[in-house]
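One structure is given here, and the rest of the page talks about it.
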Amino acid sequence: MPMIRRWIRYDDAMYEYVICGHATMRMHVQIVAIVALWRCVLLVQAFSPSTAAAAAAAACSKSSATSSSSTCIAASAAVTSKSSSSGSAHRVKPIPYIATTSTTEHSRALSQYIRRGDRVLELGTQLDACTETIREAIGDGGCGVFVDVKRTQTTSGRSGQGSRDPGMVQSSGSGENAKYIVLGKFGQFRTVLDENVESPFDVLVLDVTAMLGNDLELTALSVIFEFVDDMTRRGKQRPRAVIVKSKAIASLSRRLVHAQRLFDGTVTRDFKSPSRDGRPYIIAGVGVEEYRRTIPHVLQDTDECLEVGCFSGTTTQLVHDASKYCIGVDIGPKIIKRAQAEHPDIHFAVGDAWRSLDMLRIKRDAAALRDSTSLVSAESVLSGYDVVYADIGGLSGPDGLLESLSLIDGLSYALEPRCVVIKSLCMRRLASSLRAYSDIWERSQKW
Ligand SMILES: C[S@@+](CC[C@H](N)C(=O)[O-])C[C@H]1O[C@@H](n2cnc3c(N)ncnc32)[C@H](O)[C@@H]1O
Numbered sequence: 486m487p488m489i490r491r492w493i494r495y496d497d498a499m500y501e502y503v504i505c506g507h508a509t510m511r512m513h514v515q516i517v518a519i520v521a522l523w524r525c526v527l528l529v530q531a532f533s534p535s536t537a538a539a540a541a542a543a544a545c546s547k548s549s550a551t552s553s554s555s556t557c558i559a560a561s562a563a564v565t566s567k568s569s570s571s572g573s574a575h576r577v578k579p580i581p582y583i584a585t586t587s588t589t590e591h592s593r594a595l596s597q598y599i600r601r602g603d604r605v606l607e608l609g610t611q612l613d614a615c616t617e618t619i620r621e622a623i624g625d626g627g628c629g630v631f632v633d634v635k636r637t638q639t640t641s642g643r644s645g646q647g648s649r650d651p652g653m654v655q656s657s658g659s660g661e662n663a664k665y666i667v668l669g670k671f672g673q674f675r676t677v678l679d680e681n682v683e684s685p686f687d688v689l690v691l692d693v694t695a696m697l698g699n700d701l702e703l704t705a706l707s708v709i710f711e712f713v714d715d716m717t718r719r720g721k722q723r724p725r726a727v728i729v730k731s732k733a734i735a736s737l738s739r740r741l742v743h744a745q746r747l748f749d750g751t752v753t754r755d756f757k758s759p760s761r762d763g764r765p766y767i768i769a770g771v772g773v774e775e776y777r778r779t780i781p782h783v784l785q786d787t788d789e790c791l792e793v794g795c796f797s798g799t800t801t802q803l804v805h806d807a808s809k810y811c812i813g814v815d816i817g818p819k820i821i822k823r824a825q826a827e828h829p830d831i832h833f834a835v836g837d838a839w840r841s842l843d844m845l846r847i848k849r850d851a852a853a854l855r856d857s858t859s860l861v862s863a864e865s866v867l868s869g870y871d872v873v874y875a876d877i878g879g880l881s882g883p884d885g886l887l888e889s890l891s892l893i894d895g896l897s898y899a900l901e902p903r904c905v906v907i908k909s910l911c912m913r914r915l916a917s918s919l920r921a922y923s924d925i926w927e928r929s930q931k932w
């Protein structure tokens with residue numbers, strides 16, 4: 486029976502609809518109509534939870550009445566129910582991105598997340614204990630594709646990336662459940678996806694340093710997203726898990742917090758003290774209400790704060806009241822004029838959030854302008870800010886994640902805050918996916 490899968494991205498979730506039926510022209514028209522109808526139901530659901538179940542049920546009965554008996558709509562991979570009692574629309578669980586930092590942690594994560602019979606793609610294979618762990622975990626019925634880039638030999642005898650002996654691939658050969666591939670350059674990893682369109686991978690394993698030659702979070706996340714998006718776009722299936730060996734991603738996983746987890750007490754870290762590695766905590770929320778609700782969880786009365794994208798200054802005022810002071814910055818001169826008129830006690834300035842060093846200049850100006858009455862002391866002008874609130878449009882769109890990470894990086898390096906609170910759907914989604922394996926391991930040991 487022919488099968489069509491559709492992914493619909495809505496709100497904070499991906500919805501998958503599997504439509505099966507005979508591929509006649511009439512059927513095709515019906516399917517298109519059903520999908521369109523279903524999208525409308527999703528919208529109704531989003532705005533009116535109470536009417537959602539009824540609408541979904543109505544849509545279901547209508548679709549089965551108008552389509553042939555062999556046509557059905559089923560939601561796949563149902564894990565977290567979004568709403569309906571009809572049971573046919575579900576929020577799909579975020580794919581876990583498990584970040585590991587050492588070979589021991591990596592091997593443990595591989596054993597825990599890979600199942601017998603899985604198809605696994607390992608990018609940046611070292612052909613070491615981890616590769617063996619994958620082969621053991623998948624068993625004879627599974628399939629491992631182990632990919633690496635060609636190493637360049639240096640005059641010292643060490644290879645350009647890592648220290649793997651390049652002859653190992655040839656001598657290892659390809660076994661029953663394993664295929665080794667050496668790419669000329671990293672970008673060719675897409676050809677591996679092309680060759681495996683018909684049998685997608687269940688788990689992606691990425692050794693960032695081995696594959697990319699560096700350990701940068703933006704590059705590693707770009708590879709993961711490209712892989713996941715590619716599989717989703719082709720409509721086959723999403724990977725069940727991504728296991729990534731990277732100190733940078735592990736650090737990000739420990740510091741990035743979903744705002745709702747802060748409110749419901751799931752995350753109990755002390756955001757009023759610096760993080761373990763001195764890099765800022767990142768709290769990601771959606772909507773202005775969530776953004777402002779973080780204030781009591783994050784701020785203390787000695788904090789020197791900044792809000793970029795302050796608009797009329799409502800949040801700036803709330804942050805200001807809960808801290809030593811907050812400076813409001815916005816790119817629009819008229820906006821700043823209005824904010825200043827509405828909140829005369831606060832220092833506002835025109836500035837571009839992407840020019841992070843300008844935020845230090847603005848702090849210095851604030852200290853100079855208001856001299857003795859200013860809350861900004863002359864001594865503190867070089868010390869950056871304790872907490873930065875960031876809400877500049879465009880952080881939730883298609884490129885929102887990489888934009889948000891770049892913005893956070895820029896602000897963090899220039900201003901060295903203890904905490905960045907960001908309004909970004911993409912960052913909040915990432916917070917739902919990213920997990921540091923050390924946390925998972927610690928929890929499992931407590932039980
Ligand atoms: C959604 S509004 C902010 C609302 C405000 N944070 C609040 O809580 O009431 C987004 C603001 O970001 C500002 N903005 C956009 N790009 C910016 C940039 N690059 N630098 C600073 N502000 C920016 C816009 O002018 C707009 O006022």
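So for the sequence shown, the numbering used here puts the first residue at 486; every next one is plus one.
Here a beta-carbon is modelled for each residue, glycine too, at the ideal position from N, C-alpha and C.
Owing to the predicted nature of the structure, the values given are computational and were not obtained by experimental measurement.
Segment limits, beta strand (DSSP E) that includes residue i
i           : result
residue 940 : The requested residue 940 is not part of the displayed model; the chain covers only 486 to 932.
residue 831 : Counting along the chain, residue 831 falls outside any beta strand (DSSP E), and DSSP gives it neither H nor E.
residue 920 : 919 to 921
residue 908 : 904 to 908
residue 789 : 789 to 793
residue 870 : First-last for residue 870: undefined, no H or E at that position.
residue 664 : 663 to 668
residue 630 : 628 to 634
residue 584 : 582 to 585
residue 814 : 810 to 815
Residue i, enclosing alpha helix (DSSP H) - first and last residue
i           : result
residue 607 : Not the alpha helix (DSSP H): residue 607 falls in the beta strand (DSSP E), residues 604 to 608.
residue 819 : 818 to 827
residue 770 : Element bounds for residue 770: not the alpha helix (DSSP H) but the beta strand (DSSP E), 766 to 770.
residue 885 : 885 to 900
residue 806 : 799 to 806
residue 618 : 614 to 623
residue 680 : 674 to 680
residue 599 : Unbroken run through residue 599: none, as it is neither H nor E.
residue 853 : 843 to 854
residue 783 : 780 to 783
Distance between residue j and residue i (C-alpha atoms, nearest Å)
i           : j           : result
residue 583 : residue 921 : 6 Å
residue 837 : residue 805 : 20 Å
residue 876 : residue 703 : 20 Å
residue 753 : residue 598 : 26 Å
residue 682 : residue 707 : 20 Å
residue 593 : residue 908 : 34 Å
residue 818 : residue 606 : 51 Å
residue 901 : residue 845 : 11 Å
residue 768 : residue 730 : 23 Å
residue 618 : residue 580 : 22 Å
residue 924 : residue 709 : 21 Å
residue 620 : residue 722 : 22 Å
residue 632 : residue 756 : 40 Å
residue 751 : residue 671 : 39 Å
residue 930 : residue 669 : 42 Å
residue 784 : residue 893 : 18 Å
residue 662 : residue 718 : 27 Å
residue 698 : residue 676 : 20 Å
residue 603 : residue 689 : 11 Å
residue 714 : residue 577 : 15 Å
residue 548 : residue 891 : Its pLDDT being 34, under 50, residue 548 is placed unreliably by the model, and the measurement read from it follows with that caveat. Going by the C-alpha atoms only, they are around 45 Å apart.
Neighbour-count burial assignment, residue i, 16 or more Cβ in a 10 Å radius
i           : result
residue 705 : buried
residue 842 : exposed
residue 625 : exposed
residue 853 : exposed
residue 611 : buried
residue 736 : buried
residue 727 : buried
residue 848 : buried
residue 826 : exposed
residue 813 : buried
residue 851 : buried
residue 802 : buried
residue 879 : exposed
residue 596 : exposed
residue 927 : exposed
residue 918 : buried
Cβ-Cβ separation, residue j to residue i (assumed contact under 8 Å), whole Å
i           : j           : result
residue 809 : residue 860 : 6 Å
residue 744 : residue 914 : With a Cβ gap of about 12 Å, residue 744 and residue 914 do not count as contacting.
residue 433 : residue 766 : No answer is possible for residue 433: the residues shown for the chain start at 486 and end at 932.
residue 694 : residue 700 : 5 Å
residue 615 : residue 588 : 6 Å
residue 889 : residue 911 : 6 Å
residue 794 : residue 692 : Not really, about 37 Å apart at Cβ, beyond 8 Å.
Those runs of the beta strand (DSSP E) which lie wholly inside the segment 686 to 745 and span at least 3 residues: 688 to 692, 726 to 730, 741 to 743
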